[in-house]
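Worksheet: one structure, shown below.
Chains as they are written, first to last, in my numbering: chain A, 6 to 224; chain B, 6 to 224.
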């Protein structure tokens, strides 16, 4: 498939790009800066070359990356995500859009708390920024970036998703389960996203305390 | 230890009573009705007898159960929990109090959403109902009652706890890890409880969809 990663320059973007390239998908890295996007695309191509994997990765401005793709992942920091999507709203028609966006606040005691926008969740904020034809799925909030980027390693995690378009969720499920050995669990409609997003700051706190890169599994 | 289960007549109470009795703790079942508490206590004693386990289980009104115990578990439905604690506030001095209370709402589409009280979480609401000397720990939100009650089975779950009293959390951790093979993870201060509580409705939705009794594990 043609997959765009907007702001695809850090965090979980790298792992997703490497792993999806490995199974043959075409990747469109978006950034505010065309130059930065192209630079990062070259880096990913080189990393994959070193692993003996040929890839189709292109760098371009966010708007063009969104237009070029069937599936668009919003790997943009929470404070910019909805505003960026608003700015490039015209680039979206009926793409599947995936939001892993989580908004959290660091407290004085250094613990993180879930701090959703007034919409109730980042997913609902982003839904409002998108045209109604775009099909939003909330997913990937709790994938540990570091483990994800180790492309040779299996990941014994659950990815919990939610969304209002069943077909879009099915596509995201299939794409995600191409990453061995992730399991996708569908939690229901998009309005439940807050409960998935809230797990992320919890995991961040646990990671700090236990010096781990936790993800979550439902057993 | 002397452990009270207030409203200890259903859900996770049974599993906790059976498993803690098995390792020798003394149990105080509390209920609004003394008669009901004594009836349930007899049932638990009988169940344990059938398993060849001798137990020390007593039934009594909630206020007396709270007074008698070093650790008090609030297994009361969310809509009554804080009010019940308020009513028997005088029964608490410096006990360790454990809240597994989660408030959720069923939507028209039958999905459940986390619906905390105005305090931000059920834990913070219950904290306000208790005297300041009581040491509140938030825990056990996501233990599946049915699996918990099968006393011969190991439980490969994580129990995520939070609270402001380190010693109290340590006691709860030890008590909990007497249930094989649960692992306790400390998420930090009590004010983070909302993020733990919010996992419960998520799991309820997953249970309905996948016909499972999910619990959670951080891997």
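For each residue, glycine too, the CB sits at the ideal point set by N, CA and C. As the structure is a computational prediction, the values presented were derived from the model and not from experiment.
For residue 55 of chain B, the secondary structure class from DSSP, reduced to helix, strand or coil, is helix. Contact annotation: residue 128 of chain A and residue 198 of chain A have beta-carbon atoms nearer than 7 Å. Cα atoms of residue 39 of chain B and residue 31 of chain B: separation of roughly 18 Å, rounded to the nearest angstrom.
Within its own chain, the residues whose Cβ lies closer than 7 Å to the Cβ of residue 23 of chain A, once the five positions on either side in sequence are excluded, are 49, 52, 53, 154 and 156, listed in chain order. Look at residue 49 of chain A here: in three-state DSSP terms it is helix. With a cut-off of 8 Å on Cβ pairs, the segment 191-211 of chain A is not in contact with the segment 56-65 of chain B, counting fewer than three such pairs.
By the C-beta criterion, the segment 133-149 of chain B is judged to be in contact with the segment 104-117 of chain B, since at least 3 inter-stretch pairs fall below 8 Å. Taken in chain order, the members of the segment 166-192 of chain B whose beta-carbon sits within less than 8 Å of a beta-carbon on chain A are 190, 191 and 192. Assigned with DSSP and collapsed to three states, residue 98 of chain B falls in coil, not helix or strand.
For residue 224 of chain B, the neighbours in chain A by C-beta distance under 8 Å run, in chain order, 161, 162, 219, 220, 221 and 222.
Residue 162 of chain A and residue 185 of chain A have their C-alpha atoms some 9 Å from each other.
The CB of residue 208 of chain A comes closer than 8 Å to the CB of 223 in chain B, given here in chain order.
Boundaries of the alpha helix (DSSP H) harbouring residue 69 of chain B: 67-73, taken from the DSSP string. Of all alpha-carbon atoms in B:218, B:213 and B:224, the one lying nearest the alpha-carbon of residue 116 of chain B is that of B:213. Restricting attention to B:62, B:160 and B:25, the CA atom closest to the CA of residue 35 of chain B is found in B:62. The distance from the Cβ of residue 98 of chain A to that of residue 10 of chain A is about 18 Å, inconsistent with a contact at the 8 Å cut-off.
Among the CB atoms of chain B, one or more fall inside 7 Å of the CB of residue 116 of chain A. Listed in chain order, the non-local C-beta contacts of residue 87 of chain A below 6 Å within the same chain comprise 130, 131 and 134, local neighbours out to five positions each way being set aside. Annotation: the segment 129-167 of chain A contains the following complete segments of the alpha helix (DSSP H) (minimum length 4 residues), in chain order: 150-154.
Using a Cβ-Cβ cut-off of 7 Å, residue 203 of chain A counts as an interface residue toward chain B, since at least one Cβ of chain B sits closer than that to its own. Residue range 17-27 is occupied by the alpha helix (DSSP H) that includes residue 20 of chain A. What residue 214 of chain B touches in chain A, judged by beta-carbon distance under 9 Å, is 190, 191, 192 and 193, going in chain order. Assigned with DSSP and collapsed to three states, residue 199 of chain B falls in helix. In this structure, the alpha-carbon of residue 151 of chain A lies about 37 Å from that of residue 114 of chain B. Among the residues facing chain A, residue 119 of chain B is included, as its CB has a counterpart in that chain under 7 Å away. Scanning its chain for C-beta atoms nearer than 6 Å, with the 5 sequence neighbours on each side dropped, one finds around residue 43 of chain A the residues 64, in chain order.
For residue 64 of chain A, the three-state secondary structure derived from DSSP is strand.
With a threshold of 7 Å between beta carbons, residue 200 of chain A makes contact with chain B. Residue 153 of chain A is outside the set of residues whose beta carbon lies under 7 Å from a beta carbon in chain B. Here DSSP, grouped into helix, strand and coil, assigns residue 9 of chain A to strand. Contact with chain A is found for residue 211 of chain B, since one of that chain's Cβ atoms lies less than 7 Å from the residue's Cβ. A check of alpha carbon separations from residue 188 of chain A across A:92, A:149 and A:164 identifies A:164 as the nearest. DSSP links residue 111 of chain B through a beta bridge to B:117. At a cut-off of 7 Å between C-beta atoms, residue 197 of chain A counts as an interface residue with respect to chain B.
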